[in-house]
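These notes concern the structure reproduced below.
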Amino acid sequence: MSDLSRRKFIKNAVVTTAGTSLLPSSITLGASRHAHRLIFVYYPNGAVLRNWHPDRFNLRYRRGDIISPSFAPLAPFADRIITLRNLTSKGHGGSSSHPEAASGIFSGGWRGAPSIDTVIGNQLSSGVRLDYQHFGLFTRYNKGKDYLPFRDQAGQPILPEDDPRKLSSYLFPNSNEDNDFTEAKAFALERLAQLSSSPLPSDVALKLDNHRRALLNFQSQPSSSCGIKEILGMVSDRRQNNLIGERLAKAQIRLLVNTLKCQLTRVCTLQFLSAEDESMYINFDSIRERLDRSDGGGFGSDRKWWNQNLSHPSSHEANQVFQVQNEWYNSMVADLCGQLDAIPDPQGGGSLLDTSIICVGSEVGESATHGQEDLPWYLVGGANGRFDTGRDFNCAGLGTSDLQLELARVMGLNWSSFGNSSVGITGLYRA
Amino acid sequence: MHKILLSLFLGISQAAIASVFPSSVILRQSFQQQLIVAQPYATETPDFVWSSSDNKIVSVDRNGLVTGGSNEGVALIIASDGEQSFSTVVSNVGNRPFFYYDLPLVEKNPIIKFRNTVTGQWEAPAEAFQNATDFGGTWIRIPLPRFFIDLPDLYQMYLETEANIVGPISFNDLTRPQHFFNGAGQQVLAPEPSFTIQGTQVQLKGGDAYLRTGQSLNGRLFYPGQSVKIEASEPPTGTIFVRWEGDSKQFLLDSLSSDTTLLVPDKGSATLFAVFEEAEDPYADARNTYAMQCALCHGANGGGIPSLIGIQERYSLAEIVGIIDQRMPPQNPTSCTGSCAEELGEFVYNQIFEKNTSACGSDQSQSIPLKRNLRLLTSIEYLNTVKDIFQLSADFNLDDLLPEDFIVNGYRTDRDGSVSSQRLVAFANAADAVINEIGPLEDLIQSCQNNTRCLVETISLRILRRPASQQELNYFLGILNRSGEKSLIRVLLNSPSFLYRSEMGTPDPNDGDRYRLSDFEIATLLSFTYLGKAPNMDLLQRAQNGQVQTPQQIAQIAREMLNQNEAREKLKGFIVGWLGLEKEISGDVDQAFKNDLVEEVTRFAIYKIFENNARFSDLFMSSETFVNQRLAQHYGIAGVNDWQKVTYPEADRVGIIGKAHFFASNAITTSSHPVKRGLFIRRNLLCQEFPPPPVGAELKPISDPTLTTRERFEIAHRQEDCMSCHQFVDSVGFGLEMYDQLGLIREFERVPSGDLKPINADGGINSLDTAETILSAESPWLDFMGAKSLSELIVESPNGKACFARQYLRFTLGSSIEPEDNCTLQSYAQSFKSDDIPIKELLIQFTQTATFTYRR
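Quick mapping for you: the protein sequence lines, in order, are chains A and F. The first sequence maps to residues 13 to 443 in our numbering. The second sequence maps to residues 85 to 940 in our numbering.
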């Protein structure tokens, strides 16, 4: 089967799976001035909205402004942020159930369909080694695959790699350890061709095609300046990993930035935990001081491993502990922004942050009610001059699918529809 | 007791208020609209008689479907059940056309108004905009006023919102009944029906919602008052649809019909779930008797010699029964007398030789082979296999290299996984790590006596789990000669034939719809199923010799495997997933004790199943357990130093529910959690799932520090929408309130305010005998208190055993059970459910279904 026919097959298979066409109905590369890269940051279980939104509407943000308590760590980047108000997932894959929301909200509202990151990445893969790359933190402790938010081209959930050391060896292999994979690759390709030569169930055909594409993309990279020599690795003990959780997150962010700097891909995701997470205690030293409160939600030194400090239980309390967790995710986004802003974009247009879009979001809105009508999502980065940043934008009830369609357009894809949306969000960016 | 519980949940009077919904309707001549009598918490669809005050204006049929008549005007539509009457106003606007408008989201409060071009005066129609429920989306509509239709040249029409004025709006042809305009005021073609983006979220479990036909809109939003087509999913094989339940069933036209209409209520979400019941063949026994004793002469379908076709025209039922009772079958006329003859006589008289029910039946006729698949090895399967093939040391591991597995239904599986770029590198690195550990092949396979071809044939057979083709062997020999043994092993370990477990089969010459697994595929299936690793040389040779084919051969192999130590390790994977042993425990105790809690459960279950040949009931009712010193202290057992078998001293502590792990892993650090406990029982032990919680509900117990845990949940869930699901969950958890967050038995609870309050552990459970996985509020409630009485109810219920069998099948298949696989599940679990066979036998029964060696 030729590349062309395989792609067509995958497209058809996706259409069959979803029941109708999720894929954009019109795909052409648009204007030359578009964002260079797209990063989705996922965090679980929503937020406390009273601490999330700025107090007043129609604000303009300047560098150093504290937009709201939740955004305090992002003050240095306030002028690069667009906070979103009244963005809904209702009717866009949203649900009051965590796994149902997670499995549809990033897929244009179609549960079990490919998510926006993989669809965009697949279409912007020309000239880069990877269609997309996912980076995780504690995603391996998910409650089930439906609790994972992003899906591949076959609609299968993606379980990101949580271990920076493993990921580093994959992204930046050391040429000194290069074993000759040529014969293994040739035999595997031959065997896949044999298996594919007879009629197959569509899901098996998709599996084999994924495998084949992986083999064709496989290359032993020469040692490169992109590689990170000393990087943290995970251990088998969950509690030990929890203790170094913040360092693991920062290591993943370093890897993500290097991946983009070295132009391995144009689309990445950074995933903090998974929906309804009850595996990680977000109580790192950097935030302990703010956790030690006596308002019913805080904890003393003897309460480090209490259930109430896990993401999902605290999300229903909507208390100080959960508030600080939200701030912590945003502090990690600030770390990401800082690293991207320190690297000039080789294609011009300023720093990597200036030419990128970071879209941060969760599967539900108000945490205590699994709200769907006002989601705590926001955008950071200049999108290569396309975004009018440093402001609060009222989405007026438009949905996550509309936002995803608009992000694709800002990435240069002239789509007329994606998933449930055919309208996009007018006024979000400069035409 | 359940009535008390229910009224507590409801928090409202059962004397519910009914009304006709929607409360007012505007029709055009010939238009139709569905009306429904809304009666909150009605247990059955009420039988209302509909009538109209003026049939010439609007008529109504027996289902509440109103149709515009020939006259313009207003009529009252009345619904009466003989005791109460309810009414609503319906306007018929005659043959006036409708103006449809696609209202931009940012615009609010639209009106139309007309400017008299002669006088300059403004005039407005009497009616207001209504949602265009036919088209959903942002469409609204309004009938055009008569003065404009009669004198269109005299008036200019404008559309005004809070933010904008559009107009004058020009119409192409006012005689047409419908006119569609976009947000800019331009006339457009009629839109396609679509979902709306504001309103009520319709959530269905076991069904789909449609506007007309086409894509399912389950989970989407609809305008209140909109008519939505509701269709139940295809019932799992062996079951039939019986009714809809949920918080909005009173808004269904017919809650007993699988294909009905929902009039969308004005609330955050409308939740419905389809209730299926096991289909029964009333003639199952007679059919069996006929097949065994009559069909040889009379034919399978009654058409043999002598023929029974049309016998009811020649004999009465009593005569047929008499003949059977006294004369049939001729060679053994006493074998079917009395009730047997009566049932068989009725079967023959009614001519029901062809089974016309959906029942699965004992003949496995409804069993459908599982789907063909290539299953990616899980990490543990990969590791076990390479350790076995290459005889690697026990502590060899690939933890840092192999990818994480997916989790489905709590079990680790990569059944649906594929080799992505990242996994490809992971597998390549894992293969290299293995290669670095191994010695020369001639040491590994000494039987080949250094014969190169033998070495290649043998190692490729082990790794690929099938004999290599001649072409492949030549290729492998070439690699061996060219690049050496390690290169050959690298090729084999990165081959799709190694990485995927093949369940593809070859076309069955006797049945074009199915595929027969090869002997090697069956051997592989058996070995991974029971031992979690690839088949060894002995089994591969038996496959090669055609000894892995018949059900007897396969059962024998399964029995042999279950006697091996690896089988215990493999089954631990099931126990871990089934009982949620990987869940984080947040009790205020140290990590070593938490590990003990898990260890107690696995030791108990493995001992019971393998050493005790336990039945299902033993896992729930046994007072035996295994404890170490820490656990013994926890349970109040003296004289224990290291792990040993003991008996719980407390009568209310038995089986898996009585173990501290169950309570500690379904709790929060500081207190018990009845909802977590109830959900675990429902989901893990009864395989019953729930639709999402209602939109907008506060999802936590109230925080009054003077109340007990039970009271805080009870009060929090006294909301209309919460009740439809929490009635199934909370009372189960409440019945276990006599155990604290670490599983210690208590009589009092210290509430957050510091007071001691007595425990109320009255519990209730239902849906134990519904069709498998189905919850039904109409199922009878059974009272219980504590782990022992709850365990008894589960053990004695059909659904307890059924769920255990389903869970094991989920684990073995690495997936959920598809509806079409239900009869396969039933046939494999039949003797387990009816004859109480040991659990080990259930594991073997999996191999004895009619379709085990086939795929579709």
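Positions of the beta carbon are idealized from the N, C-alpha and C atoms, including for glycine.
**Request:** Can you check the stretch 277-339 of chain A for any beta strand (DSSP E) of at least 3 residues that lies completely inside it and give the ranges in chain order?
**Result:** Listed in chain order, the complete beta strand (DSSP E) runs (minimum 3 residues) inside the stretch 277-339 of chain A are 279-284.
**Request:** Return helix, strand or coil for A/His146, following the three-state DSSP convention.
**Result:** Looking up residue 146 of chain A in the first sequence gives position 134. Looking at A/His146 - three-state DSSP - the assignment turns out to be strand.
**Asked** Counting contacts by CB-CB distance shorter than 8 Å, is A/Leu147 in contact with chain F?
**Response** As a position in the first sequence, residue 147 of chain A is number 135, starting the count at 1. Looking at the sequence itself, residue 147 of chain A is Phe, so the reference to Leu does not match. So no, A/Phe147 is outside the interface.
**Message:** Among F/Pro776, F/Gly630, F/Ala384 and F/Ser611, whose alpha-carbon lies nearest the alpha-carbon of F/Asn649?
**Reply:** Counted from its first residue, the second sequence places residue 649 of chain F at position 565. Of the listed residues, the one whose Cα sits closest to F/Asn649 is F/Ser611.
**Request:** Provide the residue(s) that pair with F/Pro842 in DSSP beta bridges, ordered along the chain.
**Result:** Position 758 of the second sequence holds residue 842 of chain F. Paired residues: F/Phe832.
**Message:** What does DSSP give as the partner residue(s) for F/Leu756 in the beta ladder?
**Reply:** Counting from one through the second sequence, the residue named residue 756 of chain F turns up at place 672. Reading the sequence as shown, one finds Ser at residue 756 of chain F and not Leu. In DSSP, F/Ser756 forms a bridge with F/Ala751.
**Asked** What is the rounded straight-line gap between the Cα of F/Gly870 and the Cα of F/Tyr732?
**Response** Taking the second sequence and counting its residues from 1, one reaches residue 870 of chain F at position 786. Taking the second sequence and counting its residues from 1, one reaches residue 732 of chain F at position 648. The straight-line gap from Cα to Cα measures roughly 15 Å.
**Request:** With 8 Å as the threshold, decide whether the Cβ of A/Gly103 is near any Cβ in chain F.
**Result:** Within the first sequence, the letter at position 91 stands for residue 103 of chain A. Cβ-Cβ to chain F under 8 Å: yes for A/Gly103.
**Asked** Can the beta-carbon of A/Ser108 be found less than 8 Å from the beta-carbon of A/His328?
**Response** One-based indexing of the first sequence puts residue 108 of chain A at position 96. One-based indexing of the first sequence puts residue 328 of chain A at position 316. With contacts defined as CB atoms closer than 8 Å, A/Ser108 and A/His328 fail to qualify as a contacting pair.
**Request:** Note down, in chain order, every chain F residue with its Cβ under 7 Å from the Cβ of A/Pro176.
**Result:** Locating residue 176 of chain A in the first sequence gives position 164, counting from the first residue. Simply none; closest approach about 12 Å.
**Prompt:** When Cβ atoms are compared, which residues of the stretch 513-541 of chain F fall closer than 9 Å to chain A?
**Reply:** Cβ contacts with chain A: Asn513, Ala515, Asp516 and Ile519.
**Request:** Consider the Cβ of F/Tyr125: report whether some Cβ of chain A lies at a distance smaller than 8 Å.
**Result:** Residue mapping note: residue 125 of chain F aligns to position 41 of the second sequence, counting from 1. Bear in mind that the predicted position of F/Tyr125 carries a pLDDT of just 42, short of 50, making it unreliable; the figure below should be weighed with that in mind. Proximity of F/Tyr125 to chain A, defined by a Cβ-Cβ separation below 8 Å, is not satisfied.
**Message:** So the candidates are F/Gly429, F/Phe746, F/Gln772 and F/Gln271; which of them puts its Cα closest to the Cα of F/Ile858?
**Reply:** For this step, residue 858 of chain F is matched to residue 774 along the second sequence. The shortest Cα separation from F/Ile858 among F/Gly429, F/Phe746, F/Gln772 and F/Gln271 belongs to F/Gln772.
**Request:** Measure from the alpha carbon of F/Leu770 to the alpha carbon of each residue in F/Phe888, F/Gly568 and F/Ala212, then state which is nearest.
**Result:** On the second sequence, residue 770 of chain F is found 686 positions in, with the first residue counted as 1. If we check each option's Cα against that of F/Leu770, F/Phe888 comes out closest.
**F/Trp941 in three-state terms, based on DSSP** = Missing from the structure shown is residue 941 of chain F; chain F here goes from 85 to 940 and no further.
**Prompt:** So what does DSSP say about F/Ser91, is it helix, strand or coil?
**Reply:** The count along the second sequence starts at 1 and reaches residue 91 of chain F at position 7. Confidence is the limiting factor: at F/Ser91 the pLDDT is only 30, short of 50, which leaves the residue's position unreliable, though a coordinate-based value still follows. The answer is helix: DSSP assigns F/Ser91 an H, G or I state.
**Request:** Inspect the CB distances between the stretch 434-443 of chain A and the stretch 407-423 of chain A and report whether three or more fall short of 8 Å.
**Result:** Contact between the stretch 434-443 of chain A and the stretch 407-423 of chain A is present, because at least three Cβ pairs lie under 8 Å.
**Asked** So A/Val345 and A/Leu86 are in contact, right, with Cβ under 8 Å, and what is the actual spacing, rounded?
**Response** Position 333 of the first sequence, counted from the start, is the residue given in the question as residue 345 of chain A. Position 74 of the first sequence, counted from the start, is the residue given in the question as residue 86 of chain A. Correct: roughly 6 Å between the Cβ atoms.
**Asked** Can you tell me the Cα-Cα spacing of F/Leu356 and F/Leu336, whole angstroms?
**Response** By 1-based counting over the second sequence, the position of residue 356 of chain F is 272. By 1-based counting over the second sequence, the position of residue 336 of chain F is 252. Taking the straight line from one Cα to the other gives about 10 Å.
**Request:** Within 10 angstroms of the Cβ of A/Ala43, are there 16 or more other Cβ atoms? Answer buried if so, exposed if not.
**Result:** Numbered from 1 along the first sequence, position 31 holds the residue referred to as residue 43 of chain A. Residue placement at A/Ala43 is flagged as unreliable, the pLDDT there being 40, under the threshold of 50; the coordinate-derived value follows with that caveat. Exposed, since its Cβ has fewer than 16 Cβ neighbours within 10 Å.
**Prompt:** Does the beta carbon of A/Thr412 sit closer than 8 Å to a beta carbon anywhere in chain F?
**Reply:** The sequence position of residue 412 of chain A within the first sequence is 400, counting from 1. Against chain F, the CB of A/Thr412 has no partner CB under 8 Å away; the residue lies outside that interface.
**Request:** Drop a sphere of 10 angstroms on the beta-carbon of F/Phe279, count the other beta-carbons inside from all chains shown, and report buried for 16 or more, exposed for fewer.
**Result:** As a first step, residue 279 of chain F is located in the second sequence; it is residue number 195 there, counting from the start. With a pLDDT of only 47 at F/Phe279, under 50, the local geometry of the prediction cannot be trusted, and the value read off the model is given with reservation. F/Phe279 counts as buried, since at least 16 other C-beta atoms from the protein chains shown sit within 10 angstroms of its C-beta.
**Message:** Check for me: the beta strand (DSSP E) holding F/Met241 runs from which residue to which?
**Reply:** For the purposes of this step, residue 241 of chain F is taken as the residue at position 157 of the second sequence. It spans Tyr239 to Glu244 - the beta strand (DSSP E) in which F/Met241 sits, taken as one unbroken run.
**Request:** From the DSSP output, in three-state form, read off F/Ala510 for me.
**Result:** Counting from 1 along the second sequence, the entry for residue 510 of chain F is found at position 426. Here F/Ala510 carries a helix assignment [DSSP, helix/strand/coil].
**Below-8 Å beta-carbon distance, A/Val279 vs any chain F residue** = Residue 279 of chain A sits at position 267 when you count from the first residue of the first sequence. Taking Cβ atoms only, chain F never reaches closer than 8 Å to A/Val279, which makes this a no.
**Inside the stretch 482-565 of chain F only - alpha helix (DSSP H) runs reaching at least 4 residues** = Counting whole runs of 4 or more residues, the stretch 482-565 of chain F contains the alpha helix (DSSP H) stretches 505-521, 525-528 and 536-548.
**Prompt:** Using CA coordinates, which residue listed in A/Thr95, A/Pro325 and A/Gln335 is at the minimum distance from A/Arg302?
**Reply:** As a working mapping, residue 302 of chain A is identified with position 290 in the first sequence. Answer by Cα proximity: A/Gln335.
**Asked** With a cut-off of 8 Å, does the C-beta of A/Pro126 fall near any C-beta of chain F?
**Response** Along the first sequence, read from residue 1 onward, the residue named residue 126 of chain A stands at position 114. Residue-level contact by beta carbon fails for A/Pro126 and chain F, as no gap is shorter than 8 Å.
**Prompt:** Tell me which same chain residues have a C-beta within less than 7 Å of the C-beta of F/Asp680, skipping the five on either side of it?
**Reply:** On the second sequence, residue 680 of chain F is found 596 positions in, with the first residue counted as 1. Exclusion of the five residues before and after F/Asp680 leaves Asn712, Arg714 and Leu715 as the residues of its chain whose Cβ lies within less than 7 Å of its Cβ.
**Prompt:** Which of helix, strand or coil does DSSP assign to A/Thr95?
**Reply:** Position 83 of the first sequence, counted from the start, is the residue given in the question as residue 95 of chain A. Secondary structure of A/Thr95 (DSSP, three-state): strand.
**Prompt:** Using the beta-carbon of each residue, which ones in chain A are nearer than 9 Å to F/Gly303?
**Reply:** Within the second sequence, numbered from 1, the residue matching residue 303 of chain F stands at position 219. Under the 9 Å cutoff, chain A gives Gly103, Gly105, Gly106, Ser107, Glu112, Gly116, Gly121 and Arg123.
**Request:** Taking only beta carbons into account, state which residues of the stretch 471-483 of chain F come closer than 8 Å to chain A, listed in chain order.
**Result:** Cβ contacts with chain A come from Asp483.
**Request:** Could you tell me whether any Cβ in chain A is nearer than 8 Å to the Cβ of F/Asp500?
**Result:** Taking the second sequence and counting its residues from 1, one reaches residue 500 of chain F at position 416. Cβ-Cβ to chain A under 8 Å: yes for F/Asp500.
**Prompt:** For F/Ser353, which residues does DSSP report across the bridge?
**Reply:** As a first step, residue 353 of chain F is located in the second sequence; it is residue number 269 there, counting from the start. Paired residues: F/Gln285.
**Request:** Determine the chain F residues that contact A/Val216 at a beta-carbon separation under 8 Å, and present them in chain order.
**Result:** Translated into the one-based positions of the first sequence, residue 216 of chain A becomes position 204. Going along chain F in sequence order, the residues near A/Val216 (Cβ under 8 Å) are Arg456, Asn457, Leu458 and Met588.
**Request:** Output, in sequence order along the chain, the residues in the stretch 220-232 of chain A whose CB is closer than 7 Å to any CB in chain F.
**Result:** Listed in sequence order: Asn222, His223, Ala226, Leu227, Asn229 and Phe230.
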